[in-house]
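S.K.:
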Amino acid sequence: MFIGHFAPAFVATAFIAKKQTNSDLARNSAWLGVMFVAAQLVDFGFFAFVLTDIEHMRITPGISAMVPFDLYDMPYTHSLLGSLVWGMGFAGLILALSKNRYAALMGFLVVVSHWFLDVLVHIPDMTVTGGEPKLGFGLWNHPWIEMPLELGILLASFLYYTRCSAPIGKQAGLSAGILLALLLLVQVFNWFGPVPETFTPDLAWSALAAFAILSVAAHWTARQRIA
Numbered sequence: 253m254f255i256g257h258f259a260p261a262f263v264a265t266a267f268i269a270k271k272q273t274n275s276d277l278a279r280n281s282a283w284l285g286v287m288f289v290a291a292q293l294v295d296f297g298f299f300a301f302v303l304t305d306i307e308h309m310r311i312t313p314g315i316s317a318m319v320p321f322d323l324y325d326m327p328y329t330h331s332l333l334g335s336l337v338w339g340m341g342f343a344g345l346i347l348a349l350s351k352n353r354y355a356a357l358m359g360f361l362v363v364v365s366h367w368f369l370d371v372l373v374h375i376p377d378m379t380v381t382g383g384e385p386k387l388g389f390g391l392w393n394h395p396w397i398e399m400p401l402e403l404g405i406l407l408a409s410f411l412y413y414t415r416c417s418a419p420i421g422k423q424a425g426l427s428a429g430i431l432l433a434l435l436l437l438v439q440v441f442n443w444f445g446p447v448p449e450t451f452t453p454d455l456a457w458s459a460l461a462a463f464a465i466l467s468v469a470a471h472w473t474a475r476q477r478i479a
């Protein structure tokens, strides 16, 4: 699961926008950039931890039909317990900075949604507390189920978000189109790009860069829309 993780971000932003009634600034759906960070927060953490030798992965061709990543050690970011801790920390940050309890709740739920979506697609490498048992329904071994599912939930949530918000800037259509194009582009590369033979730090840095670029594009898109 990659761009499918952003589906909860689109939905959560629409929910937040519907709750805002106090000011134009509050109603502006600029929460999308924040929710994009929430959607991939544990992956931000994972690749940062890989670079600092706290968590670990390796390349094992054929370990699943779609993804060659052997994610054998990620107890702090991809356990359910770890996800809950990351979610509570992110929610606390939102609450401290914005005083918006509903946005904090949505941020928490989006962070934790990452674990449940990953359990659907991962081979058994997801955990509850960091140890055994390891969970995963393994849709990465069934690409003709996983690929339409991922695209379907992303496109449905994108349409829901755009229908729940109205353009207010001349670049509204352009920014939304670029965001969707970037999401589809990185997913196509993720599916069909060259498979690395071994893990190198460049892989982690490229993943972190992709998450950051998508979050910035989401923020730009959101600044052109209002609920």
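Per my numbering, the sequence shown starts with residue 253, numbered consecutively. Every residue gets a Cβ at the ideal spot worked out from N, C-alpha and C, and that includes glycine. No experiment lies behind these values; they were computed from the predicted model shown.
1) How about residue 364 and residue 339: do their beta carbons lie closer than 8 Å?
2) Beta carbon of residue 266: closer than 7 Å to some heavy atom of the ligand COA?
3) Using DSSP bridges, identify the partner residues of residue 418.
4) One question on the structure: do residue 295 and residue 428 come within less than 8 Å of each other, judged by their Cβ atoms?
5) Note down the Cα distance separating residue 443 from residue 319, rounded to an integer number of angstroms.
6) Please list, in chain order, all residues of the same chain as residue 299 whose beta carbon is under 6 Å from its beta carbon, the five residues on each side excluded.
7) Using only alpha-carbon positions, find the residue among 385, 431, 346 that is nearest to residue 414.
8) Go through its chain and collect everything with a Cβ distance to residue 258's Cβ below 7 Å, but skip five positions before and after it.
9) Does the segment 376 to 390 come close enough to the segment 319 to 328 that 3 or more CB-CB pairs lie under 8 Å?
M.R.: The relevant details are as follows:
1) yes
2) Absent from the structure shown: the ligand COA. Ligands present: none.
3) 478
4) no
5) 8 Å
6) 456, 459, 460
7) 431
8) 288, 291, 406, 435
9) yes
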